[in-house]
Structure formats: C-alpha cells, structure tokens
Amino acid sequence: MASNAPPQNRRAQQQTIPNKPETKLPPIPHGSRVRKRPLPGPSPLARPRTTTSSLSPDALIATADSNGYIPPPRAAHTAVIKISSGASFMSIVRRARKALDKAPSVQATGRQSLAARVAALSKAKTTAAAANETAPDDVLLVATGRAIGMAVDLAGFFSREKDLAVLMRTRTLSAVDDVVAIDEDAGVEDEVRVRNVNCLEVGLRWAS
C-alpha cells in the first residue's frame, strides 16, 4: 500500500534517520577478498587505574581512544576475555570463574579459617550496596558482532550470583580490514579500509 504522506514529508523522514552513516564503504573490487585484522585492544593511554574520581576532566579525556570512548576503571589484575562468535558458552564461563577466583579479594581470604571466611562473606553482603561504577572490574568480557548475543546471555548467567556485580557497557570500535587481490595477476591493488563495529563490554567483579 502506497504512503499518503506528501513527497516533502517523506524526504524529511528519510533525512532524520538516527545513526545513519554519513558515507557507505565502497563495494569490494571484483577479484578481491577481505582479510580482517584482530580487533584493537585497550588504548596504550588507558593505563590501569583504580578510580576515576582522582582524575581531572582533562586527564579523563586523555585516556579516551580514537573513538572518544573513555575506558572504565581497570585494575592491574583485571582479566580481559574476548568472546568470539564460535566460542562455547560454558568455556567462557569456566575462564571467567577461573579469573574471578584469582582476584585479590578472593586470594586474601582463601587461606583463612571457615569462620573468618563466613564473616568476610557477611561483610561483603552488607557492603554490596556500596559498589558503584567507579570500582574496577575483576573480569571484563568483550564481544562484537554476532558474539554480542552470547555476551548478553553470560551477563544474565552471572547476574544470578548475588556475590557478583555485573555491568554492561556499549561502545563502538574501529576495525581495520585489508582488501587483498585473490589473483596477483588480476591487476587489482590492495587497500585498507576502516569500518565501525558495535561492541558490548560485560564487567564482572566481586561485590565487596
């Protein structure tokens, strides 16, 4: 069924589409293929820090990556786990649990008596409400593209554990791809192209 809106109104609606890219990537030349590079890791300027409250606004801006994203507080022990689309759900769970067990808060109480560990657990429950977004993550799960669905499922899985705090953050990454010729005699030049990909970060930390 054709729309009854005037042509000028339809043009206005098309011009106000949110998140519409300004320019599209050109099509891949015939006889070429795309070779994806590994996604970029944390910015070298994003040094581990335990809080953002001690940094001035200018210092926070200095830690931003090329996309303007300011990384969350990250401690030296924070384990970063990248999730691929073909990864096993339980494999990621085991890796995250292993990293959580190595967190300093767990190592500090690992050799204590049972009574001391129960007391520490009770204290953690009473102070869980004080946990906020400025606390560093013990484990950081990073997913892009089709792996974002698994990251959401992992966040829901770990959120059922009352001793864990789970935070989800969205961002945009600039991925670099190489467009290379399939046949060297085809006369096609290699090129490099940059594309934006959606990224989901899931921060896990002990609520203590």
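Going left to right, the sequence shown walks through residues 1 to 208 as UniProt numbering numbers them. Note that CB positions come from ideal geometry on N, CA and C, so glycine has one too. All of these numbers come straight from a predicted model, not from anything done at the bench.
query                                                                                                                                                                                         : result
Counting only the same chain and skipping the five closest in sequence on each side, list residues whose C-beta sits under 7 Å from that of ASP190.                                           : ASP178, VAL179, VAL180, ALA181
Does ALA135 come out as helix, strand or coil in the three-state DSSP assignment?                                                                                                             : coil
Does the beta-carbon distance from PRO40 to LEU141 come in below 8 Å?                                                                                                                         : no
Is ARG37 helix, strand or coil when you go by DSSP?                                                                                                                                           : coil
LEU25 by DSSP, collapsed to three states: which one?                                                                                                                                          : coil
Starting from the C-beta of SER85, find all residues in its chain whose C-beta is less than 7 Å away, skip the five residues before and the five after it, and write them out in chain order. : GLY145, ARG146, ALA147
Would you list the one or two residues that DSSP bridges to THR144?                                                                                                                           : CYS199
Considering only the alpha carbon of each residue, which of ALA87, GLU184, SER91, ILE81 lies closest to ASP137?                                                                               : ILE81
Closer than 7 Å by C-beta to PRO176: which residues in its own chain qualify, once you throw out the five before and the five after it? Chain order, please.                                  : The sequence given here places Val at residue 176; Pro does not occur at that position. For VAL176, where only same-chain residues beyond five positions count, the Cβ hits under 7 Å are ARG37, VAL192, VAL194.
Quick one: is residue 297 buried, meaning 16 or more other Cβ sit within 10 Å of its Cβ, or exposed?                                                                                          : Since the first residue shown for the chain is 1 and the last is 208, residue 297 is missing from the structure and cannot be characterised.
So SER91 is in the alpha helix (DSSP H); what residue range does that whole segment cover?                                                                                                    : 89-101
Could you check which residue in ASN196, VAL202, PRO104, ALA76 has the C-alpha nearest to that of LEU25?                                                                                      : ASN196
Give the straight-line distance between the Cα atoms of ALA135 and GLY156, rounded to the nearest whole angstrom.                                                                             : 20 Å
Does VAL152 come out as helix, strand or coil in the three-state DSSP assignment?                                                                                                             : helix
Identify whether SER159 lies in helix, strand or coil by the three-state DSSP scheme.                                                                                                         : helix
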